[in-house]
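If you're matching them up, the sequences are chains A and B in order. Going letter by letter, the first sequence gives residues 142 to 476 in the working numbering. Going letter by letter, the second sequence gives residues 142 to 476 in the working numbering.
Protein chains: 2
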Amino acid sequence: MPELRKDPIVGRWVIIAPERAQRPSEFSRPAPSPSRGLCPFCPGNERYTPGEVLAYRGAGAPNGPGWTVRVFPNRYPALRVEGRLEREGVGLYDRMAGIGAHEVVVETADHGKTMADLSAAELLSVLTAWRDRILDLRQDGRLKSIMVFKNHGEAAGATLEHSHSQLIALPILPRHVHVELLGARRHFEFKERCIYCDIVRQELADGARLVVQNESSLAIAPWAPRGPFETWILPREHGSSFEEATAGQLEGLADCLRATLRRLDVALDRPALNLMLHTAPFNEPGERRLPHYHWHLELMPIVSRVGGFEWGSGFYINPTPPEEAAEFLRKVHAE
Amino acid sequence: MPELRKDPIVGRWVIIAPERAQRPSEFSRPAPSPSRGLCPFCPGNERYTPGEVLAYRGAGAPNGPGWTVRVFPNRYPALRVEGRLEREGVGLYDRMAGIGAHEVVVETADHGKTMADLSAAELLSVLTAWRDRILDLRQDGRLKSIMVFKNHGEAAGATLEHSHSQLIALPILPRHVHVELLGARRHFEFKERCIYCDIVRQELADGARLVVQNESSLAIAPWAPRGPFETWILPREHGSSFEEATAGQLEGLADCLRATLRRLDVALDRPALNLMLHTAPFNEPGERRLPHYHWHLELMPIVSRVGGFEWGSGFYINPTPPEEAAEFLRKVHAE
């Protein structure tokens, strides 16, 4: 059973999920290379995954082929839906049962396609699947927040090659989300404006960090990126919860995401990449419309490695000014 | 000139250091493999590094061979000592000049030795060099804190193979240090005890997460490790600033560090590793002896990769319970 443990000094939670473990003695050997042999995410291999909780398919029965996007619980979940949310102290320390949900979203039936190869229509299906799963999971009163993310490529933490994203719904508010909400609220209290709306305005007016834009969304190199080519995609219109976005907003997002992924793919020669959805927690007061928070995507191509300075300080050293990265991405011939 | 930029939402600082940059177009090509050709850290090649600021040598002139430990400014510094500490706003955003120090500590003259191969006496020299440099750098009133860290192996961010550590002195308090101090102070205000002293007592009494101990130090698998085999080394006696440690404490630390590194090296087959010194900032009120803070080392062998979940949440998924890691390390035949 996975367990949540809290660091007694900095308050950082970790998930101890021994069912995902290799034995200690296996850590020194290299992991088997991805996708040697059978791919459990390919059509026809549905029996190798847990039963689906959502799928978009033209024809065919559940847990068979014919789908375009398919969602199921992770076979080696970091958290489980079953059980009670028990907390206990162990001397100085705190732990709680690893309650939560951990799901896999297979983004395409085509094993050979990366997310950057998907059409805007295919990306829209993926975004819609995220939305539909969040709308379902937020009904579970034990869950406080959700992380939707994608690890693409081995350097980004992916263990399977077939294009997929993941959802982890948590019984607590992760530290980064807490800090982000706090910062956004502080700005709102001072200015009575959403800080992300302010960023959208400043970046559109300035232009130096703008990568692409359409009528509903924009992609920017953020002012203080943690690494080269970090890119954020923000909706122009204020909204705190991704799952409340309109169909039109999701369409615009899919289009902007496609243009951004294509540019990163060409500029950096198909880089490994992490993508994270930042959206409001489930149980904030007045959750459906926080005036100070603004959902968005953060993309981190993995072009350098995090070292001891970053681990120790929470500070990042980035050799590429965002203005230079944005200009490079604007000039790339992406189609 | 490097520049410090602050994220307007979460307050995270990054160092934009374009002089360290590859051109954007070079990111897609693999970096040249470490130590192909000449090693600038080897004895006899001193002219390929900036002039030394400290060296321990039996005989010979500065910037020539004969040393056992040698310290010099980084050739591609993330921060520079020269210049004024100017701050300015850019619309919503904040930046300041990249004032600070960035030094390299070459830990051995022997190119073939890793830190885990060094004797306790050799490690003591390295720790003494850290101490001596911190004592010097903290006299610069512009600097608020120092990070001492080591990236060993490519997966841990090292670009040169020859065993070395680095010091970065900063004009601000990094976020992680701030959060750690805050947590420690909160515990002290509530209990009137240092939380690290409490951890030392609980871990010695419990024993399940203890890796090695001697009369002055102990190595433990922390309660909530960010990854498999994360290990902390703490002095038994309370002290907030590493540079105030006595010669006897440094000797005990060197011995404990050696035993820990040897065990990790055998258990995980010479893993890539990050090591971070956590020590009190320079200008805390009553800095020389904070009652609530306790300097220590944190070691992170790199056996898995950080993915989108960790980037987005600040949460870590760890498949190896620390009790299992500690037991495995205790049983290893390390000598």
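Note that the Cβ used here is the ideal one computed from N, Cα and C, for glycine as well.
Classification of residue i by the beta-carbon crowding that lies within 10 angstroms, buried from 16 upward
i: K291 (chain B); result: buried
i: R216 (chain A); result: exposed
i: K285 (chain B); result: buried
i: A346 (chain B); result: exposed
i: A299 (chain A); result: buried
i: L179 (chain A); result: exposed
i: A388 (chain A); result: exposed
i: S454 (chain A); result: buried
i: V231 (chain B); result: exposed
i: L220 (chain A); result: buried
i: L276 (chain A); result: exposed
i: F331 (chain A); result: exposed
i: D410 (chain B); result: exposed
Residue i to residue j span [Cα, whole Å]
i: G201 (chain A); j: G207 (chain A); result: 6 Å
i: P412 (chain A); j: T255 (chain A); result: 11 Å
i: A172 (chain A); j: P442 (chain B); result: Caution applies to A172 (chain A), whose pLDDT of 47 falls short of 50 and renders its modelled position unreliable; the value that the coordinates give is listed next. Rounded to whole angstroms, A172 (chain A) to P442 (chain B) spans 16 Å at the Cα level.
i: I340 (chain A); j: A466 (chain A); result: 18 Å
i: A400 (chain A); j: V353 (chain A); result: 7 Å
i: L470 (chain A); j: L405 (chain A); result: 7 Å
i: M142 (chain B); j: L311 (chain B); result: 15 Å
i: N459 (chain A); j: G199 (chain A); result: 46 Å
i: L259 (chain B); j: C397 (chain B); result: 13 Å
i: E321 (chain A); j: H252 (chain B); result: 44 Å
i: G241 (chain B); j: P369 (chain A); result: 22 Å
i: W452 (chain A); j: P203 (chain A); result: 44 Å
i: E244 (chain A); j: A257 (chain B); result: 40 Å
i: W436 (chain A); j: V407 (chain B); result: 46 Å
i: I157 (chain A); j: E187 (chain A); result: 28 Å
i: A386 (chain A); j: H474 (chain A); result: 30 Å
i: L265 (chain B); j: E392 (chain B); result: 6 Å
i: R170 (chain A); j: A261 (chain B); result: Because the pLDDT of R170 (chain A) is 44, which lies under 50, any placement of that residue in the model is unreliable, and the number read from its coordinates should be weighed accordingly. Between R170 (chain A) and A261 (chain B), the C-alpha separation is close to 28 Å.
i: H303 (chain A); j: E295 (chain A); result: 12 Å
i: L359 (chain A); j: F450 (chain A); result: 32 Å
i: E223 (chain A); j: L278 (chain A); result: 14 Å
i: E144 (chain B); j: H293 (chain B); result: 26 Å
i: D235 (chain B); j: D281 (chain B); result: 23 Å
Interface flag, residue i vs chain D, CB-CB below 7 Å
i: F423 (chain A); result: Absent here is chain D; the protein component of the structure consists of chains A and B.
Helix, strand or coil at residue i according to DSSP, with G and I counted as helix
i: A242 (chain B); result: strand
i: Q280 (chain B); result: coil
i: A360 (chain A); result: strand
i: M142 (chain B); result: coil
i: D235 (chain A); result: strand
i: F182 (chain B); result: coil
i: R216 (chain B); result: coil
i: I458 (chain A); result: strand
i: W452 (chain A); result: helix
i: I336 (chain B); result: helix
i: V155 (chain A); result: strand
i: I374 (chain A); result: strand
i: F423 (chain B); result: coil
i: P463 (chain B); result: helix
i: T209 (chain A); result: strand
i: I287 (chain B); result: strand
i: S266 (chain B); result: helix
i: R228 (chain A); result: strand
i: R350 (chain B); result: coil
i: V318 (chain B); result: helix
i: V194 (chain A); result: coil
Cβ-Cβ distance between residue i and residue j below 7 Å
i: S357 (chain B); j: A421 (chain B); result: no
i: M237 (chain B); j: R225 (chain B); result: no
i: Q343 (chain A); j: L233 (chain B); result: yes
i: M288 (chain B); j: I309 (chain B); result: yes
i: A297 (chain A); j: L438 (chain A); result: no
i: V155 (chain A); j: Y457 (chain B); result: yes
i: V267 (chain B); j: R211 (chain B); result: no
i: E464 (chain A); j: R350 (chain A); result: yes
i: P363 (chain A); j: P159 (chain B); result: no
i: L394 (chain A); j: L416 (chain A); result: no
i: R272 (chain A); j: E384 (chain A); result: yes
i: C335 (chain B); j: H379 (chain B); result: yes
Stretch-stretch touch, CB-based, cutoff 8 Å, three pairs: the segment 321-329 of chain B with the segment 430-450 of chain B: yes
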